[in-house]
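The working numbering numbers the first residue of the sequence shown as 409 and each following residue consecutively.
Have a look at the structure below before the remarks.
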Amino acid sequence: MSYTIPMSYPMAGGDGEHSYSQNSNFQRGIVQAAKLLVNSAIEDMLEFSYSSGTCNNTFVIADFGCSTGSNTLIATQNIIEAVKHKYHSQYPNHPLLEFQLFFNDHVNNDFNTLFRNFPPSREFFAAGVPGSFYNRLFPKASLHLGHSSSALHWLSKVPDEVIDVNSPAWNKDSIYCSGVSKEVTKAYVAQFQNDMERFLNARGQEVASGGLLLLTVAGHTERTISSQTYGSMMYDILGSCLAEMVEERGVVEAAKVFVNSAIEDILEFSSNSSGTCNSTFVIADFGCSTGSNTLIATRNIIEAVKQKYQSQYLNHPPLEFQVLFNDHVNNDFNTLFRNFPPSQEFFGAGVPGSFHDQLFPKASLHLGHSSCALHWLSKVPDEVLDVNSPAWNKDSVYCSRLSKEVTKAYTAQFQNDVERFLNARAQEVVEGGLLVLTIAGDTERTISSQTHGSSVLKDSLGSCLKDMAQEGLIAQEKVEAFNIPTFNPTIQEMEAVLQRNEYFSVERIESSLAADTVPLIGPALLKPLSKLMRATFGELVREHFGDDIVDSVFERYPKKLSENLHALKDKQKNLNIFVGSITEREMASKETIVISYPMAGGEGEHSYSQNSNFQRGIVEAAKLLVNSAVEDMLEFSYSSGSCNNTFVIADFGCSTGSNTLIATQNIIEAVKHKYHSQYPNHPPLEFQIFFNDHVNNDFNTLFRSFPPSREFFAAGVPGSFYNRLFPKASLHLGHSSSALHWFSKVPDEVMDVNSPAWNKDSIYCSGVSKEVTKAYVAQFQNDMERFLNARAQEVVAGGLLVLTVAGETERIISSQTYGSLIYDILGSCLADMAKEGLISEEKLEAFNIPTYNPTIQDIEAVLQRNAYFSIERISSLTSDPKPSISPSIVQPLSKLMRAAFEELIRQHFGEDIVDSVFEHYPKKLSENLHKYRDKQRNLNIFIVLKRNSCKA
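Structure follows, in structure tokens:
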């Protein structure tokens, strides 16, 4: 991936008197002025081409030339509001859009100030993207809308001719393009057009088909020259005195109407906007059986989907349909296949197996359907067959609801089965896909034997079997052990299991009474009903009683039914429960405020960038394990119908130095090797890497350390990794090294003087006090659980988490490790300063380092509770041999401690104390260096997790 290195002209950073943030009211006016145009454009002209075939409801916006101030936030918020309003008015019942915003500017832009300006309760996922917008910045077809305001008049460089003293375009008498000289103007126009062409070509690769570019560019009218505009006066004054210029508020507001109007008129939400070119819509019918009913149902679905699709994609090629017909292995698929119409408009396939288990690949279905099947249980409840159980169903062959114990057992079995069904479908149905279910049910205030005409049918079957037992044709014990494995739930029972399932939201659940057959009751019903019962339960009777008995049972049945036919008139009508439009549930994205402890920024003597060789050793030691994990466990979900070959990686806790680049480059190399060996003839992958750390992390230093010829698209993501940071299912691999031992906060108990866990005599978890250790372990496991739950929403099914965590072995305590010595010495320095009166004793007692080195057992405990990830590997990584005990390690260790903890010291004790602490530290370390001989080696824990879709 080649980059043309442009000249960089960042706006003045920070929030001070001379910052762009405080002096950009003029540009803000332009943004504000565009608002009405944006709203109008969206409202009048935008057509959302929403397809249920797309599982991604993330809308991606990039702001090119964002700078540092609030203007970019105003502009993007205007766009978000306009898109939301239009989308909600058009799709009131659809899940809400999620927004991901990329803020782009030069590498030297003050992203730190921009990130601090983000509202705490923002409604978008944010990332900073350093680099020139005249180059490629994003993967192919990854943006839905690009925006730029007051930025594109900035050139990638000054035209060569205007600074060439030998050129007729030498701009000797001016500092800008005044328009007076034709040669100078020609050179500037050529440079602008060349740059604009590069900008458009780059965006042409990045913006999805049908996506928009909304650009506001500073310009002037055709018949005037620049020197005749009032804007030129500022350049003239700057040229004469090079003074700061202050502009009045007023222009950003003028662009807002335009932006809204452009979205309304032009933007199309397309199935291709997410980068997928697959126009196949996949339907599964669960419990299809053999007859024409399944074909009628699927044809109805196909017609509805076609109509919806064609109304929104008038000029798009038609959808192709694949219909997967599922039923038990013993189902007569041959008959089903023979029933397919000769000119069917779908590709059909039979899928044998229980729908209570997973049957299809992850995220492979757009719509699942089931009619009159889910009331069938996976088995008869054990209790109703147990003669010693109060739920023994001795006097009935089905759940009549006369016995509370029997009903309780059937209800539990039904809810367990439906939960299994939903969990299986959650893996198979794409996010945003639908389940449409029709289930035979009961009303709330009646019992089955009073409700259904079907209860008469089942009672008649039971009566036939009892007669045959009395005649000695079948054993009484066999009859008592026979139960029909069906259960007709109430709406309340159905809702109970749906609400427990976190993968789907209930868009609609309602009931309808079945057609009234009472007027038809008469002898003419006997034969059809008898045939229905044999067709439905004949195989069940055969399996339980044997083949010889089946004919005899159903020869008796019509007579027995005729004796009970009058009872049908007293029964209430059947109830059907319709559960429709179940889409994947929006899991809470509530963001918890996390205390921030960034590493020391910059590239100076005390920076983390210059003092993180220890952590680099861990990254390098993990390389072979990372390679092995990718090679053995990574599964590429490559589809020949997919035109998106972007592999997305996130590094959590990236900090500022080169370690994150080494780690991510190792991952890229491993993924490339695996992909190329598996798909040698496919186009190469593109890589997008998100670098995440706290808002106060020095992203600027990180961005400046990017190699100019890097092979990935990069973005910084500010925020705590204990909260959600990315849209759903947007990451293929998450990585973290030497970060997860940092807490979101110090445990409350260790700072509470009234708590038995008050950590008065130490500044870290030394392991000496059981109460303190218990509090730290609980905080670690709580934070780790939050981390995993956040990643579970972000990592695609089958994606990996590769984590290296600073830890310790089970049989030693922290104070026995050589790593503990550097904490003890820091505590000793602070204690000395408290004795000298430089800091208060109370401040010292309230100071704790928010880190904990877990054991493998601590980590396994929280991993095993989490149902979203499977543990593929967890092992120790012995990457840090004992350092040689010599004075040469004093300065490196002292610098590492300052780089890691100076911000923590500053926040707690104040700015004035930092230098004193770390001037004192090397001397104290030298005095205690001999203690290293008695310490144990530290441990690092290497973990590989794979995202699954099953709940425990």
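Even glycine gets a Cβ: it sits at the ideal position worked out from N, Cα and C.
At which residues does the beta strand (DSSP E) containing residue i begin and terminate?
{"i": "I1282", "result": "F1277 to L1285"}
{"i": "D1363", "result": "Beyond the ends of the chain as shown, which are 409 and 1360, falls residue 1363; an answer cannot be given."}
{"i": "K1354", "result": "L1347 to R1355"}
{"i": "L505", "result": "From DSSP, L505 is part of no beta strand (DSSP E); its letter is neither H nor E."}
{"i": "L1141", "result": "L1139 to S1145"}
{"i": "G849", "result": "V837 to G849"}
{"i": "L553", "result": "L551 to S557"}
{"i": "S1152", "result": "No beta strand (DSSP E) holds S1152; DSSP gives it neither H nor E."}
{"i": "L623", "result": "V615 to T624"}
{"i": "I691", "result": "T688 to F694"}
If I measure Cβ to Cβ from residue i and keep anything under 6 angstroms in the same chain, skipping five residues before and after, which residues do I get?
{"i": "M1192", "result": "V1270"}
{"i": "H952", "result": "F890"}
{"i": "L1347", "result": "G1215, E1216, T1217 and S1284"}
{"i": "H1328", "result": "C1237"}
{"i": "S1357", "result": "A834, Q835 and A1205"}
{"i": "H1316", "result": "F1255"}
{"i": "Q599", "result": "L563 and P567"}
{"i": "F1095", "result": "F1055, I1076 and F1120"}
{"i": "A817", "result": "P789, E791, V792 and A799"}
When you compare each of the options to residue i by their alpha carbons, which one comes out closest?
{"i": "N708", "options": "H764, S1248, L775 and F763", "result": "L775"}
{"i": "V570", "options": "L563, P528, S564 and N579", "result": "N579"}
{"i": "N891", "options": "Q1201, Y1231, T898 and L948", "result": "L948"}
{"i": "V837", "options": "P798, F912, G695 and V864", "result": "F912"}
{"i": "E963", "options": "E951, H952 and K935", "result": "K935"}
{"i": "S564", "options": "K590, S558 and F607", "result": "F607"}
{"i": "P354", "options": "S1228, H1328, L1333 and T624", "result": "This structure cannot settle anything about residue 354, because the visible part of the chain is limited to 409 through 1360."}
{"i": "P1300", "options": "V1161, K1331, S1324 and L1285", "result": "K1331"}
{"i": "A1214", "options": "V792, I1267 and H1140", "result": "I1267"}
{"i": "Y965", "options": "I917, K866, E614 and E1327", "result": "K866"}
{"i": "A1308", "options": "L793, M1241, I1230 and K1251", "result": "I1230"}
{"i": "T894", "options": "S804, E839 and L1110", "result": "S804"}
{"i": "G841", "options": "I691, Y596, E888 and L623", "result": "I691"}
{"i": "R1112", "options": "V1322, F507 and G539", "result": "G539"}
{"i": "L727", "options": "V713, Q430 and D740", "result": "V713"}
Looking at the C-beta of residue i, does it have a partner C-beta in chain B at a distance below 8 angstroms?
{"i": "L1238", "result": "Included in the structure is just one protein chain, with no chain B present."}
Over the uninterrupted alpha helix (DSSP H) stretch that includes residue i, give me the two end residues.
{"i": "P1365", "result": "Here the chain covers residues 409 to 1360 and nothing more, so residue 1365 does not appear."}
{"i": "L1246", "result": "Element bounds for L1246: n/a, residue is neither H nor E."}
{"i": "S1324", "result": "V1322 to E1335"}
{"i": "H514", "result": "Careful: H514 lies outside any alpha helix (DSSP H) and carries neither H nor E."}
{"i": "P936", "result": "L934 to F953"}
{"i": "I487", "result": "N479 to Q498"}
List the whole-angstrom C-beta distance separating residue i from residue j, where the pair is believed to meet the contact cut-off of C-beta under 8 angstroms.
{"i": "N801", "j": "S868", "result": "Not a contact, Cβ separation roughly 17 angstroms."}
{"i": "S786", "j": "S762", "result": "6 angstroms"}
{"i": "I469", "j": "L553", "result": "5 angstroms"}
{"i": "D1106", "j": "T1072", "result": "The pair is not a contact, with the Cβ atoms about 18 angstroms apart (cut-off 8 angstroms)."}
{"i": "S505", "j": "V491", "result": "Just to set this straight, residue 505 is Leu in the shown sequence, not Ser. So it is a contact: roughly 7 angstroms between Cβ atoms."}
Give every residue of the same chain whose Cβ lies closer than 8 angstroms to the Cβ of residue i, excluding the five residues on either side of it in the sequence, and list them in chain order.
{"i": "M1159", "result": "W1166, N1167, A1254 and N1256"}
{"i": "I1351", "result": "L1209, V1210, L1211, T1212, V1213, I1267, L1271, I1279, R1281 and I1282"}
{"i": "E614", "result": "A470, R544, L545, F546, P547, K548, A549, S550, L551 and G554"}
{"i": "S1246", "result": "Per the sequence shown, the amino acid found at residue 1246 is Leu instead of Ser. Closer than 8 angstroms at the Cβ level, and outside the excluded window around L1246, lie I1321 and S1324."}
{"i": "K594", "result": "A577"}
Whose C-beta lies closer than 7 angstroms to the C-beta of residue i among residues of the same chain, with five residues either side of it excluded?
{"i": "K1354", "result": "M1041, G1206, L1208, F1277, S1278 and E1280"}
{"i": "G1142", "result": "A1058, F1060, R1199, V1203 and L1209"}
{"i": "T815", "result": "C807 and R809"}
{"i": "S1146", "result": "Q1023, I1026, T1212 and A1214"}
Q) Is it true that the segment 1026-1043 meets the segment 1273-1288, where meeting means three or more beta-carbon pairs spaced less than 8 angstroms apart? A) Touching, per the Cβ criterion.
Q: Could you tell me whether the segment 896-905 touches the segment 809-825, using the rule of 3 or more Cβ pairs below 8 angstroms?
A: The segment 896-905 vs the segment 809-825: in contact.
Q. For the segment 1099-1109 against the segment 1055-1062, are there 3 or more C-beta pairs whose distance is under 8 angstroms?
A. With a cut-off of 8 angstroms, the segment 1055-1062 and the segment 1099-1109 count as touching, because enough Cβ pairs lie within range.
**Q.** Cβ contact check for the segment 1137-1154 and the segment 1180-1198: 3 or more pairs under 8 angstroms
**A.** In the pairwise beta carbon analysis, the segment 1137-1154 is classified as touching the segment 1180-1198: at least three pairs are separated by under 8 angstroms.
Q | the segment 1130-1142 / the segment 1197-1210 touching (three or more Cβ pairs under 8 angstroms) | A | Because the criterion of three Cβ pairs below 8 angstroms is met, the segment 1130-1142 and the segment 1197-1210 touch.
Q: Count the CB pairs spanning the segment 536-554 and the segment 605-620 that are closer than 8 angstroms, and state whether there are at least three.
A: Short answer: they touch.
Q) Do the segment 470-481 and the segment 518-526 meet, that is, are 3 or more Cβ pairs less than 8 angstroms apart? A) With the cut-off at 8 angstroms, the segment 470-481 and the segment 518-526 touch.
Q.
So, does the segment 1332-1341 touch the segment 1169-1188, judging by three or more C-beta pairs under 8 angstroms?
A. Flag = no, the segment 1332-1341 and the segment 1169-1188 do not touch.
Q. Contact between the segment 869-889 and the segment 950-959: three or more CB pairs below 8 angstroms?
A. The segment 869-889 makes contact with the segment 950-959: 3 or more CB pairs, one atom from each, lie closer than 8 angstroms.
Q: Inspect the CB distances between the segment 493-503 and the segment 581-597 and report whether three or more fall short of 8 angstroms.
A: Counting Cβ pairs under 8 angstroms, fewer than three are found: no touch.
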